[in-house]
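Please read the structure below before turning to the comments.
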Amino acid sequence: MSGGTGHEHIAAVQWINPATNATGSSTVKAMIDWITKEKGIAKVTDGKNTVEVRVVNNAYLRTYADGKWSNNLLSLPRY
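In the numbering used here, the protein residues as written are 234 to 312.
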């Protein structure tokens, strides 16, 4: 988090590619570019529920579940 506790303050994300088990960390800008330019599909799971991550205006990451925006990223452990 950078400068606050809202979605717009997420500075980087960690990820795993379930197809290859590759892991890494990306800046929010890199993840936004991957989702928008490369048609990447990002998801977040708490081990029980899996929801899609979408790009919103003002370019920050937020999850989308059950037809509505949600706060799943903010509830993940910080690293």
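Every residue gets a Cβ at the ideal spot worked out from N, C-alpha and C, and that includes glycine. It should be emphasised that the depicted structure is a prediction, and the values quoted were computed from it without experimental measurement.
Spatial distance of residue i from residue j (CA atoms)
i: Asn290; j: Asn254; result: 31 Å
i: Thr278; j: Val284; result: 6 Å
i: His240; j: Gly300; result: 18 Å
i: His242; j: Gly236; result: 6 Å
Per-residue burial, residue i [other beta carbons within 10 Å of its own, 16 or more giving buried]
i: Thr269; result: exposed
i: Ile249; result: exposed
Where the beta strand (DSSP E) containing residue i begins and where it ends
i: Ile249; result: Ala245 to Asn250
For residue i, the nearest candidate out of the options (CA to CA)
i: Gln247; options: Gly236, Glu241, Val261 and Ala298; result: Val261
i: Tyr297; options: Ala244, Ala275 and Ile249; result: Ala275
i: Ser308; options: Asp266, Ile249 and Arg295; result: Arg295
i: Gly280; options: Asn305, Gly239 and Tyr293; result: Asn305
i: Tyr293; options: Gly236, Pro310, Thr256 and Met264; result: Met264
i: Asn282; options: Ser303, Lys272, Gly257 and Arg311; result: Ser303
i: Ala244; options: Pro251, Ser258 and Lys272; result: Ser258
Bridge-paired residues (DSSP) for residue i
i: Ser258; result: Gln247
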